[in-house]
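A.B. asks: Here it is, the structure, as structure tokens.
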Amino acid sequence: MVAMATTFESLLEAVPDALVGMDTSGVIGFVNHQGELLFGCERDDLVGKHIETLVPEGLWQVYLATRKDYFADPRSRALGLDLELRGRHRDGSEFPVIIRLSGLDTGDVLLEFAPICELARRKRAFDKAQQMTAIVENSEDGIIGKTLGGTVLSWNAGAERMFGYSSMEIIGRSIDLLAPADRAGEIDAMSDRITSGKSVDHFETIRLRKDGSAMRVSISECPIRDEDGVVVGSSTIARDMTEARRAYEASRAMIEASQDSLVSIGPDGKITDANAATVTVTGVPRHELIGTDFSNYFTDPAKAHEIYQRVFTQEVAVDDYALTIRHRDGTLTDVKYGGSVHRGTGGDVLAVFAAVRDVSKLTEAYEAARSMIESSLDSLVAINPDGLITDVNEATVRVTGVSRDELIGTAFSDYFTDPARAERVYQLVFHEGMAVDYPLSIRHRDGRLTEVLYNASAYRDADGNVLGAFAAARDVTKQMQAQRRNAEQQNKEREQLLELQAFQRLTVGRELKMTEIKKENERLRGLLADGGVEPSDQR
Numbered sequence: 311m312v313a314m315a316t317t318f319e320s321l322l323e324a325v326p327d328a329l330v331g332m333d334t335s336g337v338i339g340f341v342n343h344q345g346e347l348l349f350g351c352e353r354d355d356l357v358g359k360h361i362e363t364l365v366p367e368g369l370w371q372v373y374l375a376t377r378k379d380y381f382a383d384p385r386s387r388a389l390g391l392d393l394e395l396r397g398r399h400r401d402g403s404e405f406p407v408i409i410r411l412s413g414l415d416t417g418d419v420l421l422e423f424a425p426i427c428e429l430a431r432r433k434r435a436f437d438k439a440q441q442m443t444a445i446v447e448n449s450e451d452g453i454i455g456k457t458l459g460g461t462v463l464s465w466n467a468g469a470e471r472m473f474g475y476s477s478m479e480i481i482g483r484s485i486d487l488l489a490p491a492d493r494a495g496e497i498d499a500m501s502d503r504i505t506s507g508k509s510v511d512h513f514e515t516i517r518l519r520k521d522g523s524a525m526r527v528s529i530s531e532c533p534i535r536d537e538d539g540v541v542v543g544s545s546t547i548a549r550d551m552t553e554a555r556r557a558y559e560a561s562r563a564m565i566e567a568s569q570d571s572l573v574s575i576g577p578d579g580k581i582t583d584a585n586a587a588t589v590t591v592t593g594v595p596r597h598e599l600i601g602t603d604f605s606n607y608f609t610d611p612a613k614a615h616e617i618y619q620r621v622f623t624q625e626v627a628v629d630d631y632a633l634t635i636r637h638r639d640g641t642l643t644d645v646k647y648g649g650s651v652h653r654g655t656g657g658d659v660l661a662v663f664a665a666v667r668d669v670s671k672l673t674e675a676y677e678a679a680r681s682m683i684e685s686s687l688d689s690l691v692a693i694n695p696d697g698l699i700t701d702v703n704e705a706t707v708r709v710t711g712v713s714r715d716e717l718i719g720t721a722f723s724d725y726f727t728d729p730a731r732a733e734r735v736y737q738l739v740f741h742e743g744m745a746v747d748y749p750l751s752i753r754h755r756d757g758r759l760t761e762v763l764y765n766a767s768a769y770r771d772a773d774g775n776v777l778g779a780f781a782a783a784r785d786v787t788k789q790m791q792a793q794r795r796n797a798e799q800q801n802k803e804r805e806q807l808l809e810l811q812a813f814q815r816l817t818v819g820r821e822l823k824m825t826e827i828k829k830e831n832e833r834l835r836g837l838l839a840d841g842g843v844e845p846s847d848q849r
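Numbering-wise, this note's numbering puts 615 at position 305 of the sequence shown, and it's gapless, one number per residue.
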């Protein structure tokens with residue numbers, strides 16, 4: 311045992327397991343530091359004692375039989391794999407252990423004590439290591455282990471596919487092999503960062519494949535430490551960004567080609583990115599825009615701030631908010647603002663994407679159209695499917711005596727002498743698409759009546775759904791009055807004509823009678839003349 315202690319003591323002290331050396335009779339000759347900790351005894355208290363000191367009395371016979379079997383066939387073996395064995399602590403408490411026996415050249419026996427809980431921990435660690443190994447080997451990314459000097463120590467299948475080198479070709483060589491000549495400084499800078507215990511996250515750069523072709527990669531690198539916490543190497547994850555970069559450049563080209571101002575805003579309200587249209591509408595270069603407050607570029611910063619804060623807090627998209635952007639030179643641009651949230655892989659809101667559309671030309675066109683609408687002598691009304699007024703022109707205000715604000719939201723049919731008939735007009739529009747020359751009478755607030763002819767048609771959305779009706783009422787009061795006057799005049803003329811006709815008939819009758827009398831008189835005269843008697847003689 312003296313020989314064993316002098317030969318192996320320094321080596322066995324470094325072993326992380328509890329080791330006890332004994333001779334063939336079971337007398338303890340050596341205990342390492344881990345053994346002292348496990349059993350709670352000083353080394354001097356154990357050396358020279360029998361091994362059963364460390365074993366509960368009830369299991370002495372089991373250990374004795376096991377030792378006899380071992381000495382009959384001395385080879386390294388584990389005990390307790392099928393039988394729960396126990397060790398005894400100095401305070402008398404017992405704990406489950408697994409014992410491995412190994413024979414030494416001196417003829418002595420070395421016992422390795424491992425608490426079952428420690429073995430379970432090791433098994434979990436082993437299983438985790440196996441799992442991590444499987445993840446590393448099956449990863450699409452290149453995972454590389456290397457020394458601080460840059461020598462490759464490990465190289466997974468993803469790295470083989472990405473760079474074209476097999477692990478046999480690359481392990482033991484310098485990682486500099488993958489860097490273009492003009493990128494060597496990057497590797498040195500990353501190495502310095504790793505040596506200082508810091509990591510590198512998602513660093514995009516260029517690396518070379520085995521065939522010499524270049525590819526864009528994203529590199530993340532972290533330190534590898536020994537059990538004392540000293541940095542001894544690094545682990546690198548390299549991701550091929552070629553396709554991702556193509557997709558990004560394609561989407562970026564679309565973003566830059568957009569005529570709408572597109573902006574990304576962080577939770578603090580600062581601009582994190584902007585496209586060329588934003589530069590144009592603000593007059594501020596992109597590098598100056600980034601990092602500034604989004605709301606400061608509007609004539610109403612409070613409203614702009616409130617909108618994107620609503621997107622962040624409610625996590626819902628907003629659309630068509632009217633704002634006005636102020637250009638650096640003072641020019642104002644009317645816009646419609648819409649925003650939606652951008653979420654990370656965990657679902658957290660990271661930013662707001664805002665789209666700002668220049669509607670100044672639309673505003674001008676609307677104002678021109680509005681001017682024409684307002685200049686119309688006809689009453690023009692927009693009606694929703696519920697029959698409520700959504701907009702009117704000034705002619706409608708005049709003919710009803712009710713202000714625009716009061717008219718909007720009220721029932722269209724209420725302003726007519728026959729509401730039921732008026733309701734049939736817009737219902738006809740919603741069912742058949744239009745109504746033509748529909749006569750109605752509008753009642754002014756002061757009681758005056760205006761006779762009108764209504765023409766109306768439906769307006770629809772892009773999918774063909776009816777949104778409402780536009781109605782135009784033409785004042786035909788004077789025409790109707792003229793028609794009534796004409797009708798009255800015609801009636802009078804008709805009556806006069808009938809009177810003349812009656813008089814004529816009477817006159818004609820009298821004339822006929824006079825003619826008959828004359829004829830009769832002439833006939834009598836003829837008869838008298840034939841008789842030689844003069845008419846005067848008859849008297």
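Here a beta-carbon is modelled for each residue, glycine too, at the ideal position from N, C-alpha and C. Note that this is a predicted model, so its numbers are computed, not measured.
Does the structure place the region 608-616 close enough to the region 546-560 that three or more beta carbon pairs sit under 8 Å?
C.D. replies: no
A.B. asks: What is the rounded straight-line gap between the Cα of Ser767 and the Cα of Asp715?
C.D. replies: 23 Å
A.B. asks: Taking DSSP's pairing of strands, which residues face Ala567 in a bridge?
C.D. replies: For Ala567, which the question treats as bridged, DSSP gives no partner whatsoever.
A.B. asks: Leaving out five residues before and five after Val591 in sequence, what residues of the same chain have Cβ atoms less than 6 Å from its Cβ?
C.D. replies: Ser571, Ile635 and Thr643
A.B. asks: Do Leu599 and Ala584 have their C-beta atoms closer together than 8 Å?
C.D. replies: yes
A.B. asks: Determine, using beta-carbon pairs with one atom in the region 478-489 and one in the region 511-527, whether at least three such pairs fall under 8 Å.
C.D. replies: yes
A.B. asks: Please classify Tyr736 as buried or exposed, where buried requires at least 16 neighbouring CB atoms within 10 angstroms.
C.D. replies: buried
A.B. asks: Measure the Cβ-Cβ separation of Phe722 and Ala732 and say whether it is below 8 Å.
C.D. replies: yes
A.B. asks: Work out the CA separation of Leu420 and Leu391 for me, nearest whole Å.
C.D. replies: Confidence at Leu391 is low in this model, with a pLDDT of 39, below 50, so its placement is unreliable and the value that follows should be read with caution. So the two alpha carbons sit approximately 18 Å from each other.
A.B. asks: To the nearest angstrom, report how far apart Leu763 and Gln799 are at their CA atoms.
C.D. replies: 24 Å
A.B. asks: What's the C-alpha gap between Gly452 and Gly459?
C.D. replies: 19 Å
A.B. asks: Out of curiosity, what's the CA-to-CA distance linking Val621 and Ala692?
C.D. replies: Computed Cα separation, rounded: 32 Å.
A.B. asks: Scan the region 721-795 and note each continuous alpha helix (DSSP H) run of 4 residues or more that stays entirely inside, going in chain order.
C.D. replies: Scanning the region 721-795 from its first residue to its last, the whole alpha helix (DSSP H) runs of 4-plus residues come out as 729-742.
A.B. asks: Can you have a look at Asp688 and say buried or exposed, based on whether 16 or more other CB atoms are within 10 angstroms of its CB?
C.D. replies: buried
A.B. asks: Just grab the DSSP bridge partners of Lys456 for me.
C.D. replies: Val462 and Ser544
A.B. asks: Looking only at its chain, what residues have a beta carbon closer than 7 Å to the beta carbon of Thr787, apart from the 5 residues adjacent to it on each side?
C.D. replies: Thr760 and Glu761
A.B. asks: Can you give me the start and stop residues for the alpha helix (DSSP H) that His615 sits inside?
C.D. replies: Taken as a continuous stretch (DSSP letters only), the alpha helix (DSSP H) holding His615 covers Pro611 to Gln624.
A.B. asks: What is the C-beta distance between Ala661 and Ile575, in whole angstroms, given that I count them as a contact (C-beta under 8 Å)?
C.D. replies: 6 Å
A.B. asks: Where Thr908 and Asp327 are concerned, what is the direct C-alpha to C-alpha distance, given to the nearest angstrom?
C.D. replies: Outside the shown range of the chain, which is 311 to 849, sits residue 908, and nothing can be said about it.
A.B. asks: Find the nearest neighbour of Gly778 within the set Thr700, Arg784 and Glu559, judged by alpha-carbon distance.
C.D. replies: Thr700
A.B. asks: Which stretch, first to last residue, makes up the beta strand (DSSP E) that contains His399?
C.D. replies: Premise fails: His399 is in no beta strand (DSSP E) and is neither H nor E.
A.B. asks: Near Phe726, which residues of its chain fall below 8 Å by C-beta distance, leaving aside the five closest residues on each side in sequence?
C.D. replies: So the qualifying residues of the chain are Ala732, Leu750, Ser751, Ile752 and Arg753.
A.B. asks: Going by alpha carbons, who is nearest to Ile481 out of Ala467, Thr461 and Arg471?
C.D. replies: Thr461
A.B. asks: What are the boundary residues of the alpha helix (DSSP H) that includes Ile480?
C.D. replies: Ser477 to Ile480
A.B. asks: Using the C-alpha atoms, what's the distance from Ser530 back to Ile547?
C.D. replies: 5 Å
A.B. asks: Taking the beta carbon of Arg398 as the centre, do at least 16 other beta carbons fall within 10 Å, making it buried, or is it exposed?
C.D. replies: buried
A.B. asks: Who pairs with Phe608 in a beta bridge, going by DSSP?
C.D. replies: According to the DSSP secondary-structure assignment, Phe608 is paired through a beta bridge with Ile635.
A.B. asks: Could you round the C-beta distance between Ile497 and Ser544 to whole angstroms and report it? I think they count as a contact, below 8 Å.
C.D. replies: Incorrect: roughly 11 Å between the Cβ atoms, too far for contact.
A.B. asks: Out of Arg535, Arg493 and Pro533, state which residue places its alpha-carbon closest to the alpha-carbon of Met525.
C.D. replies: Arg493
A.B. asks: Rounding to the nearest angstrom, what Cα-Cα distance links Ser686 and Ala782 in this structure?
C.D. replies: Rounded to the nearest angstrom, the two C-alpha atoms are 10 Å apart.
A.B. asks: Does the Cβ of Ile361 have 16 or more other Cβ atoms within 10 Å, making it buried, or fewer, making it exposed?
C.D. replies: buried
A.B. asks: Measuring straight from C-alpha to C-alpha, what distance separates Ser713 and Val707?
C.D. replies: 6 Å
A.B. asks: Among Phe349, Ile581, Ser464 and Lys359, which one has its Cα closest to the Cα of Val407?
C.D. replies: Phe349
A.B. asks: Report the option in Val702, Tyr769 and Asp728 whose CA atom is closest to the CA atom of Thr720.
C.D. replies: Val702
A.B. asks: Would Gly499 be called buried (16 or more neighbouring beta carbons within 10 Å of its own) or exposed?
C.D. replies: Sequence check: residue 499 is Ala here, not Gly. Flag for Ala499 reads exposed.
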